[in-house]
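Novice: Sending over a structure as structure tokens; questions will come in a sec.
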DNA sequence: ACCATATTTCTAGTTTTATCGAAATATATA
DNA sequence: TATATATTTCGATAAAACTAGAAATATGGT
């Protein structure tokens, strides 16, 4: 993963609401959760939430999938994995961090 | 690590210059690198660089240690580890991410 | 004391982000 | 087609972040 796109993803996770959104989605698992569920859980106004979700989608951390009236937000575990790898590989002196 | 402080750290890593700074420091190892070295390596104006470094210090990702006229920036591997753990523990559905 | 080096603080202009009510769009159902 | 539900887009404002030149501070050497 390149520095630019890693920075972009970190930036999106760098907002408490968006980090909470992403966390919620990850906990929900591979099927994700509807926007409405996020709204109830986090109590953020519709329009504000929508912008935050859009930002996460733009960064590649989330994708969306409509099922009828419900729009599911699906966390992208590959992208998350990419970030973890970035922190571990690109950002670590080899002897500084162990995995245990 | 709490969500608020994780978000704060992610936010700081969410800027290309700061992520590059942090990466440089990590590569330099536990002794870190002087501000001046960062300046030469990244070609960012003094004052701008200084603000970025301050932001990293404020987030806990970097500490500083003066040696004569030289101010060393020391990456905080504990904090980095905390972020990796946050992504792996708080943000992962147990069966989604493996360590290999 | 003076000068050079290293880095920060001041100041100010520009750009980006955050926020959210209200209106609009999309889909489903009666 | 009328109505309800789910979500986004519009529009406008406020707040925060980015940038960098110039001046200031800190330290060390002569």
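Protein chains in written order, with the numbering used here: chain A, 1329 to 1428; chain B, 1329 to 1428. Every residue gets a Cβ at the ideal spot worked out from N, C-alpha and C, and that includes glycine.
1. Give me the residue from 1329/B, 1414/B and 1408/B with the minimum Cα distance to residue 1429/B.
2. Could you tell me the distance, in whole angstroms, from the CA atom of residue 1360/A to the CA atom of residue 1387/A?
3. What does DSSP give as the partner residues of residue 1399/A in its beta bridges?
4. Find the residues of chain B that neighbour residue 1343/A, judging by a C-beta separation of less than 8 Å, and give them in chain order.
5. Residue 1357/B CB to nearest chain A CB: under 7 Å?
6. Taking 7 Å as the threshold (C-beta atoms), are residue 1412/B and residue 1415/A in contact?
7. Can you list, in chain order, the residues of its chain whose CB lies under 7 Å from that of residue 1399/A, leaving out five sequence neighbours each side?
8. What are the boundary residues of the alpha helix (DSSP H) that includes residue 1374/A?
9. For residue 1428/A, would you say it is in contact with chain B, using Cβ-to-Cβ distances shorter than 7 Å as the test?
10. Does residue 1412/A come within less than 7 Å of chain B when only Cβ atoms are used?
11. Report the three-state DSSP secondary structure of residue 1361/B (helix, strand or coil).
12. Any contact of the region 1330–1349 of chain B with the region 1330–1344 of chain A, i.e. 3+ C-beta pairs under 8 Å?
13. Whose C-alpha, out of 1418/B, 1380/B, 1358/B and 1375/B, is nearest the C-alpha of residue 1346/B?
14. Whole angstroms are fine: how far does the CA of residue 1356/A sit from the CA of residue 1421/A?
15. Compile a chain-ordered list of the residues in the region 1387–1419 of chain A whose CB is closer than 7 Å to at least one CB of chain B.
16. With DSSP as the reference, label residue 1369/B as helix, strand or coil.
Specialist: Let's see:
1. The structure shown does not extend to residue 1429/B, since chain B is modelled only from 1329 through 1428, so no value can be given for it.
2. By 1-based counting over the first chain, the position of residue 1360/A is 32. By 1-based counting over the first chain, the position of residue 1387/A is 59. One Cα belongs to residue 1360/A, the other to residue 1387/A, and the distance between them is close to 17 Å.
3. Residue 1399/A sits at position 71 when you count from the first residue of the first chain. Within the DSSP secondary-structure output, residue 1399/A pairs in a beta bridge with 1394/A.
4. Mapped onto the first chain, residue 1343/A falls at position 15. Within chain B, the residues 1335 and 1339 have their CB atoms less than 8 Å from the CB of residue 1343/A, given in chain order.
5. The count along the second chain starts at 1 and reaches residue 1357/B at position 29. Under the Cβ criterion of 7 Å, residue 1357/B is counted among the residues facing chain A.
6. For this step, residue 1415/A is matched to residue 87 along the first chain. For this step, residue 1412/B is matched to residue 84 along the second chain. Yes, the Cβ-Cβ distance between residue 1415/A and residue 1412/B is below 7 Å.
7. The sequence position of residue 1399/A within the first chain is 71, counting from 1. If we look at residue 1399/A and ignore the five residues flanking it on each side, its Cβ neighbours are 1362, 1363 and 1392.
8. Within the first chain, the letter at position 46 stands for residue 1374/A. Where residue 1374/A is concerned, the enclosing alpha helix (DSSP H) starts and stops at 1374–1387.
9. As a first step, residue 1428/A must be located in the first chain, where it is residue number 100. For residue 1428/A, the predicted structure reports a pLDDT of 45, less than 50, and the residue's modelled location is therefore unreliable. A value from the coordinates is still provided. No, residue 1428/A does not count as interfacial toward chain B.
10. Mapped onto the first chain, residue 1412/A falls at position 84. By this cut-off, residue 1412/A is an interface position.
11. Here residue 1361/B refers to the residue found at position 33 when the second chain is read from its first residue. Residue 1361/B: strand per DSSP, three-state reduction.
12. Under the Cβ criterion (8 Å, minimum of three pairs), the region 1330–1349 of chain B counts as touching the region 1330–1344 of chain A.
13. As a first step, residue 1346/B must be located in the second chain, where it is residue number 18. Distance check between residue 1346/B and each of 1418/B, 1380/B, 1358/B and 1375/B places 1380/B closest, using alpha-carbon atoms only.
14. One-based indexing of the first chain puts residue 1421/A at position 93. One-based indexing of the first chain puts residue 1356/A at position 28. Using only the alpha carbons, I get a separation of about 34 Å.
15. Residues are counted here when their Cβ sits less than 7 Å from a Cβ of chain B; for the region 1387–1419 of chain A these are 1405, 1408, 1409, 1411, 1412, 1415, 1416, 1418 and 1419, given in chain order.
16. Walking along the second chain from the start, residue 1369/B turns up at place 41. Three-state DSSP puts residue 1369/B in a helix.
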